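Note that our numbering has the sequence shown beginning at 285, numbered continuously upward.
Idealized CB from N, CA, C, for every residue including glycine.
On a predicted model such as this, the values are computed, not experimentally measured, just so you know.
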Amino acid sequence: MAFSRATPYLEKGLSMKRLYTHSGDRIFAWALLLLALGVVALALLMAYELYQGGSLALKRFGLLGFALGREWDPVIQKSFGAWPYILGTVIVSLSALLLSFFPALAAAIFAAEYAPRWLAQVINFLLDLMAAVPSVVYGLWGIFVLAPWIRDQVQLPLYMWAAEHAPWLVPILGVPTGYGLMTAVLILASMIVPYTAALARDAIALVPKEHREAAYALGATRWEVMRMAILPLARGGIIAGAFLALARAVGETMAVTMVIGNSHKLPYTLFGGAATMPSVIANEFTEAVEDLHLSALIAVGFLLFWVSMAVNFAAAYVLRRQERLVKGVL
Numbered sequence: 285m286a287f288s289r290a291t292p293y294l295e296k297g298l299s300m301k302r303l304y305t306h307s308g309d310r311i312f313a314w315a316l317l318l319l320a321l322g323v324v325a326l327a328l329l330m331a332y333e334l335y336q337g338g339s340l341a342l343k344r345f346g347l348l349g350f351a352l353g354r355e356w357d358p359v360i361q362k363s364f365g366a367w368p369y370i371l372g373t374v375i376v377s378l379s380a381l382l383l384s385f386f387p388a389l390a391a392a393i394f395a396a397e398y399a400p401r402w403l404a405q406v407i408n409f410l411l412d413l414m415a416a417v418p419s420v421v422y423g424l425w426g427i428f429v430l431a432p433w434i435r436d437q438v439q440l441p442l443y444m445w446a447a448e449h450a451p452w453l454v455p456i457l458g459v460p461t462g463y464g465l466m467t468a469v470l471i472l473a474s475m476i477v478p479y480t481a482a483l484a485r486d487a488i489a490l491v492p493k494e495h496r497e498a499a500y501a502l503g504a505t506r507w508e509v510m511r512m513a514i515l516p517l518a519r520g521g522i523i524a525g526a527f528l529a530l531a532r533a534v535g536e537t538m539a540v541t542m543v544i545g546n547s548h549k550l551p552y553t554l555f556g557g558a559a560t561m562p563s564v565i566a567n568e569f570t571e572a573v574e575d576l577h578l579s580a581l582i583a584v585g586f587l588l589f590w591v592s593m594a595v596n597f598a599a600a601y602v603l604r605r606q607e608r609l610v611k612g613v614l
């Protein structure tokens with residue numbers, strides 16, 4: 285009698301168990317697959333919409349002609365070429381990454397291995413705070429503080445020295461206005477430091493304690509432990525942080541637009557104005573009243589999409605190779 289009363293509960297329990305084992309696993313796997321395919325579909329839909337929006341300019345000038353064209357004249361000649369902005373994006377992004385990488389790595393190493401606990405918490409808090417500051421705030425700081433200081437303390441003295449002692453440097457330096465390529469690189473470098481530092485710090489902290497102890501047991505110094513036992517294993521996270529910072533730099537808009545000078549002409553100079561793909565879109569999108577001009581700006585966004593995708597694919601390739609190297613070491 286008691287068994288018959290308990291039978292429905294047992295059957296319910298068995299059905300729930302089957303749900304959480306076989307059927308549940310299949311449902312969970314299909315849900316994950318659909319979500320992953322949704323992300324891919326969203327990226328493809330974004331690329332399609334950008335291509336459709338920029339098709340007028342791409343068909344008129346050709347994809348290669350538009351990408352390599354050097355003239356951008358929406359008023360008189362109605363000619364559009366994105367090469368100055370592609371080149372400006374590459375120069376500004378890579379320069380900012382090279383300038384910020386080693387300070388960010390040094391901050392990560394110090395916070396993870398050398399600093400007292402209270403000081404490490406302060407450094408980590410400041411790094412996270414830097415990442416949370418809006419880009420327009422960096423741009424305002426660049427306009428009112430950094431650009432005038434750079435012009436008066438760095439660019440003008442160097443320009444005057446070059447004009448007197450090395451005239452061949454003057455065309456390379458350009459006009460010292462304070463707003464240009466150099467200021468944009470400095471602003472962008474300060475913005476991407478937290479991304480490289482945060483991932484490098486976490487990667488260093490995740491290195492197993494046994495590797496440190498083994499290196500110390502062999503008589504290694506603190507720096508030798510860092511160089512031979514910690515950094516090789518944390519290299520994947522450090523590289524991931526660098527690529528994340530590069531992707532952030534490629535897509536940065538407001539801060540760069542506010543200080544880069546927004547020049548459409550090549551060749552770019554160190555002190556003179558330049559432009560990036562995000563900056564030209566931000567500057568001219570609201571003023572584009574003709575279909576061809578608007579289509580050219582959307583086509584620039586289409587090229588920017590593929591530049592960002594190339595950075596991500598390169599990051600995935602490098603990280604995959606790094607994982608294989610680490611597994612070989614272990």
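Mind reading off the beta-carbon distance from leucine 550 to proline 368? Whole number of angstroms is fine, and I expect it under 8 Å.
Sure, about 5 Å apart at Cβ, within 8 Å.
Starting from glutamine 336, trace the alpha helix (DSSP H) both ways and give me its first and last residue.
308-337 is the extent of the alpha helix (DSSP H) around glutamine 336.
Excluding the five sequence neighbours on either side, which residues of its own chain have a C-beta within less than 8 Å of the C-beta of glycine 520, listed in chain order?
Excluding residues within five positions, the ones whose Cβ falls inside 8 Å are Ala487, Leu603, Gln606, Glu607 and Val610.
When you compare only the Cα positions, how much space is there between tyrosine 479 and glutamine 361?
In a straight line, the C-alpha of tyrosine 479 is about 42 Å away from that of glutamine 361.
Using the rule of at least 16 other Cβ atoms within 10 Å of the residue's Cβ for burial, across every protein chain shown, is glycine 464 buried or exposed?
By the 10 Å Cβ count, glycine 464 comes out buried.
Please classify glutamine 439 as buried or exposed, where buried requires at least 16 other C-beta atoms within 10 Å of its C-beta.
Result: buried.
On the DSSP letters alone, give me the boundaries of the alpha helix (DSSP H) that tyrosine 479 sits inside.
From DSSP, the alpha helix (DSSP H) with tyrosine 479 extends over 465-489.
Just tell me which of Ala526, Val374, Ala529 and Ala320 has its CA closest to the CA of leucine 588.
Residue Val374 is the option with its Cα nearest to leucine 588.
Report all residues from its chain with a CB closer than 7 Å to the CB of glycine 462; omit the five preceding and five following residues, and keep chain order.
Correct list, in chain order: Ala431, Pro432, Ile434, Arg435 and Gln439.
State the Cα-Cα distance for the pair methionine 475 and alanine 566, rounded to the nearest angstrom.
Answer to the nearest angstrom: the Cα atoms are 19 Å apart.
Using CA coordinates, which residue listed in Gly346, Ile471 and Ala331 is at the minimum distance from phenylalanine 428?
The candidate whose alpha carbon is nearest that of phenylalanine 428 is Ile471.
Just to confirm my understanding: we take alanine 351, look at its own chain, exclude 5 residues before and 5 after, and list those with CB closer than 7 Å. What are they?
The residues are Ala366, Trp367, Ile370 and Leu587.
In the DSSP assignment, find the alpha helix (DSSP H) that holds phenylalanine 386 and state where it starts and stops.
It spans 367-393 - the alpha helix (DSSP H) in which phenylalanine 386 sits, taken as one unbroken run.
Glycine 372 and threonine 560 look like a contact to me (Cβ under 8 Å); what is the Cβ gap, rounded to whole Å?
Contact holds; Cβ gap of about 5 Å.
Please classify serine 563 as buried or exposed, where buried requires at least 16 other C-beta atoms within 10 Å of its C-beta.
Counting Cβ neighbours within 10 Å, serine 563 comes out buried, since at least 16 surround it.
Please classify alanine 501: does DSSP put it in a helix, a strand, or coil?
Here alanine 501 sits in helix by DSSP.
Under 7 Å Cβ to Cβ from leucine 340, same chain only, skipping five residues before and after it: list those, please.
Only Asp575, Leu576 and Ser579 meet the Cβ criterion.
Could you pull out every residue in the same chain whose Cβ sits closer than 6 Å to the Cβ of alanine 396, ignoring the five residues on either side in sequence?
Answer for alanine 396: Arg485, Ile488 and Ala489, listed in chain order.
Could you compute how far the alpha carbon of arginine 532 sits from the alpha carbon of valine 477?
If you take the alpha carbons of arginine 532 and valine 477, they lie about 11 Å apart.
Out of Ala518, Ala481 and Leu483, point me to the one whose CA is closest to lysine 493's CA.
Here the closest residue by C-alpha is Ala518.
What does a CB cutoff of less than 7 Å around serine 377 pick up in its chain, not counting 5 residues either side in sequence?
Cβ neighbours of serine 377 beyond the five flanking positions: Leu530, Ala533 and Val534.
DSSP state of serine 592, grouped into three classes?
The answer is helix: DSSP assigns serine 592 an H, G or I state.
Would you mind sorting alanine 325 into buried or exposed? The rule is 16 or more other CB atoms within 10 Å of its CB.
Exposed, because fewer than 16 other Cβ atoms sit within 10 Å of the Cβ of alanine 325.
Give me the Cβ distance between alanine 473 and leucine 383, rounded to the nearest whole Å; I'm assuming they're in contact under 8 Å.
At roughly 4 Å, the Cβ-Cβ gap stays under 8 Å, so alanine 473 and leucine 383 are in contact.
Give the range of the alpha helix (DSSP H) segment to which tyrosine 422 is assigned.
Note, tyrosine 422: alpha helix (DSSP H), 419-425.
Check whether the stretch 552-559 and the stretch 444-463 touch, using three or more Cβ-Cβ pairs below 8 Å as the test.
Verdict: yes, contact present.
Between the Cα of valine 543 and the Cα atoms of Met466, Glu333 and Val417, which residue gives the shortest distance?
Comparing Cα-Cα distances from valine 543 to each of Met466, Glu333 and Val417, the minimum goes to Met466.
Applying the criterion that 16 or more other CB atoms from any shown protein chain within 10 Å of the CB defines a buried residue, is phenylalanine 312 buried or exposed?
Exposed.
Applying the criterion that 16 or more other CB atoms from any shown protein chain within 10 Å of the CB defines a buried residue, is threonine 541 buried or exposed?
Threonine 541 should be labelled buried.
Is any non-hydrogen atom of the ligand MN found closer than 8 Å to the C-beta of aspartate 357, if you look at the structure I gave you?
The ligand content of the structure shown is nil, which means the ligand MN is not present either.
Could you check where the alpha helix (DSSP H) with lysine 412 kicks off and where it finishes?
Inspection of the sequence shows that residue 412 is occupied by aspartate rather than by lysine. Residues 401-416.
Can you tell me whether glycine 346 is helix, strand or coil according to DSSP?
Note: glycine 346 maps to coil in three-state DSSP.
By Cβ distance below 7 Å, which residues in the same chain neighbour valine 584 in space, the five residues on each side in sequence not counted?
So the qualifying residues of the chain are Ala366, Tyr369, Met561, Val564 and Ile565.
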